[in-house]
Amino acid sequence: MQSFYYAFGKAFYKINFFFLLFFLFIISTHISIAQVDTISVDTITYSEGDTVDIYTSGLDSVYITYAESIPDSIMENLWIINNPYKQMIVELSHQSLPVNEGVIGINLSDFFSLNKANFDKNVNYTQVPDPWQAIADLAPNTLRIFSGASAKFMHPTRPFYNPVTEKTHGGYGYDWTEMISYFNATESSLEPPLIGTEYDLVAIDIILDAGCLGTSCDWAESPSRLKEFYDKSVDQPIFDPTDPDFDELHEQPMYINQFIDLVDFIETENSGLEVEVIYCVNIESMSASEMMDVIGYLFNNDINLIGVELGNEVYNQFSNLAMGFTDFDHYWKYINGDDYTDPDEQEALELALADDVVNDHDYILAIKDQTSPEIYSIKIGLPAMNTPNCGRSYDFPLFAPDESEYDTTNTMMFSTPILTEPDPEFEDEDCDCFYADWNADMVTHYGDKVGTFLRYAFNAIIFHPYYNTTNTSKFCEENSNWRDIMLQLHPSYNPSNPSAVVSGYIYTDDPWEYVDDWDYPLIDTRLEKAFFELAGIHYPEDEDDLIPGNFKEFTRDRIDNSFEEHAGQMLFTKEDDGPESKEIWLTEYNLNDDVKLPMDAPSGLENIYKDFQSSGSNTFAHAAMLQNWMLWNIKANYDNDYKKNFLTRATLQNALGGSATMLMTNSDAADQKLLEEIDDCTDPEVYPYFKDELLILQQSYLIL
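In structure tokens, the structure reads:
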């Protein structure tokens, strides 16, 4: 499949590259474009080619001309002037704002893990820039550290002593022994192995090391997640803390030291650049005092820390069960160091918490009550939920992966009325829909001030918008974003009955038939329909309809649908400007290619569809979509629907990882064959050898 989307995307990318150059010219001079014609724009009757409106949302600035020959003139080729005797002019815009460069950012989730971009691994990257060089070449203004979902249980400045093996680990400071109480709190009926009232760490270590076989980890709501964190903990580098070479923290193999070196390297490679950092805090098992130690260490090493994110997506199921965050009020009490109102809930929380956190979790006051401007000026961002799945008439396409765990009819979580008016054409396909109370309750605290100096408690709202394959929830008709487009690659797929497929499908053609002598004008007919629907047909032949493409419609219109709802609910419209108003951070955003199926779909069906779904990831179509999304992040600050410069930070998810959507990935056998590292991608002796040692810069990287 790679061969087609490389070829198809090459032309698609060239088009968007010219858009980018033209748009950057527009932005840098604060101008707008319009087509000038001989008939005034307020004329009642239009002739072919007359300007009807100027459209500035989504993709690059668009002029809308009248045309009877196509069903929707907004779909016309955007760079063609209909009449050669008409002219394109440039006019000054009423918006005169500098480009907000904070939205040019990258997330470094798990970046320094041993099989990713750990410094010791960089010697293996010989054909392409090593990961550090690759990041430096992008010159990001904003970096988010140290992870997202994996930020739970991280202690960046505290080594982990394993009492079972009697070894000391560095890395991210993961301590698997402290995680047990949190995971135990997620399942109320079972207990892990005990010795009296204490956890039997030796027995639990054996169970986890063996892989949570059978029902041995059923005392945790998510055994696979527990096992993942255990592996992260025991895989961290081992060192001897009694060795004088490791007396000081900066000498120890803690990944925070590699991060400090990486920032220094980026700034050295890009003269004049000062990287700004957002730190996602482990509010689960790290005390407020320890958080301040991390902040102090970063500042002492010349890291420009401008913001902290108090927990990653803490509205999710794990935080609900382990931390008692059943609503925003519980989360708010916790991060302000207060007890829960219900004594039983408070007792359950204290049983889960690490001992040093029980009486030390006022994270907000720890920052805002400082006398040092360097510290109290750190901006605090709080996580907000995305717009829910309301069916097609509201068309809210953005959803963080874990948000699908929530029942959107639960009145505890969703009872705030939606502001958006439904589209009558699709109203019969909707369900009862409400905005997240989590977000609405956050708004009630906008004016809260804390500490001796009465400083605002927080400064930013954080969204994690992903363009999922489909928005699913337990009781609402699913809104298929782009799932059905890619799954049609399976010849037996039926969108009205996806469960009918019982096995995968392998194309019998020679998989390399298009690779060695690919001729770009040719199209792989097996893939043509899916990728045209995904990316669009911009030059139809034989009077065929122009297809804008699912990804283009998303960046042109549908991102706005969600953010206009957010703006009305969370007060960042053009009318909402004042000292209490909050800025917006997108500390994760990207395509999400996880297969989402109806709730009644057979277990395991996602695995059958996985390769088909991910065929759209890191194609040129995906890259062009990301490019336009990044441009939306810039242009939204010039949109009159929002307050000026409301979107201050955006960090793309993610720099390097195993997901097909990452900017950089380790190679698979097909990559190695194309790069002539191996002769036969099916040779079992060769196949895995280079996987973690040959970095691939993916299409999404190349558009940054």
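Letter by letter, the sequence shown follows residues 132 to 835 in the working numbering.
Think of the CB as a built atom: it goes at the ideal place given N, C-alpha and C, for glycine as much as any other residue.
Of the listed residues the options, nearest to residue i (C-alpha basis)
i: Phe836; options: Ile715, Asn612 and Asp469; result: Since the first residue shown for the chain is 132 and the last is 835, residue 836 is missing from the structure and cannot be characterised.
i: Ile715; options: His492, Ala698 and Glu706; result: Ala698
i: Asp241; options: Ile387, Phe584 and Ile369; result: Ile387
i: Ser630; options: Ser418, Phe360 and Pro733; result: Pro733
i: Phe589; options: Met516, Ile466 and Leu677; result: Ile466
i: Asp554; options: Pro290, Gln264 and Ser524; result: Ser524
i: Asn610; options: Gly522, Ser546, Leu665 and Asp811; result: Gly522
i: Phe277; options: Pro271, Asp371 and His286; result: His286
i: Met795; options: Tyr577, Val726 and Lys247; result: Lys247
i: Lys713; options: Thr750, Ala800, His576 and Trp263; result: His576
Beta-ladder partner(s) of residue i, from DSSP
i: Thr796; result: Ile827
i: Ala567; result: Phe545
i: Glu407; result: Thr273 and Asn435
i: Pro514; result: Ile593
i: Ile678; result: Ile668
i: Thr601; result: Ser611
i: Asn238; result: Arg275
i: Phe291; result: His300
i: Leu783; result: Ile237
i: Leu529; result: Tyr598
i: Arg586; result: Val581
Beta-carbon gap between residue i and residue j smaller than 8 Å
i: Phe557; j: Leu717; result: no
i: Asn238; j: Gly279; result: yes
i: Ile108; j: His300; result: Because residue 108 is not part of the residues shown, which for the chain are 132 to 835, the question remains open.
i: Val408; j: Ile434; result: yes
i: Tyr838; j: Thr288; result: Only positions 132 to 835 of the chain appear in this structure, which leaves residue 838 out of reach.
i: Leu529; j: Ser693; result: yes
i: Tyr446; j: Pro532; result: no
i: Gly512; j: Glu440; result: yes
i: Ile827; j: Ser798; result: yes
i: Thr779; j: Asn443; result: no
i: Glu415; j: Phe314; result: no
i: Ala351; j: Leu482; result: no
i: Gly485; j: Glu309; result: This sequence places Ala at residue 485; Gly is not what is there. It is a contact, given that the beta carbons lie within the stated cut-off.
i: Gly438; j: Lys510; result: yes
i: Thr792; j: Ser748; result: yes
i: Ile834; j: Gln784; result: no
i: Ala752; j: Ser831; result: no
i: Asp306; j: Ser364; result: yes
Three-state secondary structure (DSSP) of residue i
i: Ser546; result: strand
i: Val394; result: helix
i: Glu609; result: coil
i: Trp350; result: coil
i: Lys774; result: coil
i: Leu151; result: With a pLDDT of 43 at Leu151, under the threshold of 50, the modelled position of this residue cannot be trusted; read the value that follows with caution. If DSSP states are grouped into helix, strand and coil, Leu151 belongs with the helices.
i: Ile335; result: helix
i: Ile102; result: This structure cannot settle anything about residue 102, because the visible part of the chain is limited to 132 through 835.
i: Phe284; result: coil
i: Leu833; result: helix
i: Leu325; result: strand
i: Thr296; result: coil
i: Lys363; result: helix
i: Pro215; result: Because Pro215 carries a pLDDT of 45, less than 50, the predicted location of this residue cannot be relied on, and no value is offered for it.
i: Asp493; result: strand
i: Thr373; result: coil
i: Lys713; result: coil
i: Lys580; result: strand
i: Ile175; result: For Ile175, the predicted structure reports a pLDDT of 46, less than 50, and the residue's modelled location is therefore unreliable. A value from the coordinates is still provided. Coil at Ile175, not helix or strand.
i: Phe108; result: Past the edges of the chain, shown from 132 to 835, lies residue 108, and the structure says nothing about it.
i: Leu805; result: helix
i: Glu444; result: coil
i: Asn723; result: strand
i: Thr718; result: coil
i: Thr750; result: coil
i: Thr472; result: coil
i: Gly575; result: Per the sequence presented here, residue 575 reads as Thr, with Gly not at that position. Thr575: coil per DSSP, three-state reduction.
i: Val412; result: strand
i: Thr704; result: strand
The ligand SAH heavy atom lying under 7 Å from the CB of residue i
i: Tyr638; result: Absence of the ligand SAH from the depicted structure is noted, as is the absence of any ligand whatsoever, leaving it without description.
* Does the segment 763-779 come close enough to the segment 700-710 that 3 or more CB-CB pairs lie under 8 Å? -> yes
* To do: Report yes or no: do the segment 738-755 and the segment 615-624 share at least 3 C-beta pairs separated by less than 8 Å?
  => yes
* Asked: For the 8 Å Cβ check, are there 3 or more pairs between the segment 452-460 and the segment 497-506?
  -> no
* Any 3 or more C-beta pairs closer than 8 Å across the segment 325-342 and the segment 375-389 -> no
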